[in-house]
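Participant: Have a look at this one before I ask anything.
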């Protein structure tokens, strides 16, 4: 609800509480709101200051959605503007993108050969150890009891992705001790 609508609603609510006739006050509030003239987004004050800008704005206003998308992508490439993720309400302040380090091709090849992050896959488990495995999966993945039970029963399934080697080996040993078979991929 816009601020003007909220103001009119509050004003009408106050007038309902007062002893004066309400219909005349609400109608007056509505007429005042309409009499305000152009809305902020319809204002032409800023565009009128520079005719070149106002002409460009008019031309952009006549573009279709596909043409506007092409315009945006062309401007991003020409002005070297990186694609930035849109911020949400709970994400906090936007972080600037870090510059990618320049690596030589010779150094990049050995790093690609060494795998440091692994996916853990629950392959199977012993029937007698099912409750223990469910509890451990619940603790490891932070799932509810029902979700962890469904997860264990749907094995083989990926437990965790992008886990460091040391942590992955600890998880495998823990699950192996309980009677489950977990593999690193």
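Residue numbers (our numbering): 271 to 455. Don't be surprised by glycine CBs; every beta carbon is placed ideally from N, CA and C. Keep in mind it's a predicted model, so treat the numbers as computed, not measured.
State buried or exposed for residue 448, treating a residue as buried only when at least 16 other CB atoms are found within 10 Å of its CB.
Facilitator: Its Cβ being crowded by 16 or more others within 10 Å, residue 448 is buried.
Participant: Rounding to the nearest angstrom, what Cα-Cα distance links residue 348 and residue 342 in this structure?
Facilitator: 10 Å
Participant: Out of 410, 387, 386, 422, which one is the CA nearest neighbour of residue 399?
Facilitator: 422
Participant: Leaving out five residues before and five after residue 419 in sequence, what residues of the same chain have Cβ atoms less than 7 Å from its Cβ?
Facilitator: So the qualifying residues of the chain are 404.
Participant: Check whether the Cβ atoms of residue 438 and residue 390 lie closer than 8 Å to each other.
Facilitator: yes
Participant: Would you mind working out which of 415, 432, 431, 395 sits nearest residue 452, comparing C-alpha positions?
Facilitator: Out of 415, 432, 431, 395, the CA that lies nearest to the CA of residue 452 is found in 395.
Participant: If you drop the 5 nearest sequence neighbours on each side, which residues of the same chain put their C-beta closer than 6 Å to that of residue 445?
Facilitator: 452
Participant: Please classify residue 339: is it buried, with 16 or more other beta-carbons within 10 angstroms of its beta-carbon, or exposed?
Facilitator: exposed
Participant: Which of the three DSSP states, helix, strand or coil, is assigned to residue 351?
Facilitator: Looking at residue 351 - three-state DSSP - the assignment turns out to be coil, as it is neither helix nor strand.
Participant: Output needed for residue 411: all residues of its chain with C-beta closer than 8 Å, excluding positions within five of it in sequence on either side, in chain order.
Facilitator: 418, 421, 429, 430
Participant: Tell me, to the nearest whole angstrom, how far the beta carbon of residue 388 is from that of residue 427; I am working on the premise that it is less than 8 Å.
Facilitator: Not confirmed; about 15 Å, so no contact.
Participant: For residue 454 and residue 350, I'd like the C-alpha separation in whole angstroms.
Facilitator: 41 Å
Participant: Note down, in chain order, each residue of its chain lying with its Cβ closer than 6 Å to the Cβ of residue 432, except the 5 sequence neighbours on either side.
Facilitator: 387
Participant: At a cut-off of 7 Å, is residue 427 close to the ligand COA when judged by its beta-carbon and the heavy atoms of the ligand?
Facilitator: The model depicted lacks the ligand COA and carries no ligand whatsoever.
Participant: Could you pull out every unbroken alpha helix (DSSP H) segment of at least 4 residues lying fully inside the region 391-424, listed in chain order?
Facilitator: 400-411, 415-423
Participant: In whole angstroms, give me the CA-to-CA distance for residue 345 and residue 319.
Facilitator: Pairing residue 345 with residue 319, the inter-Cα distance amounts to about 24 Å.
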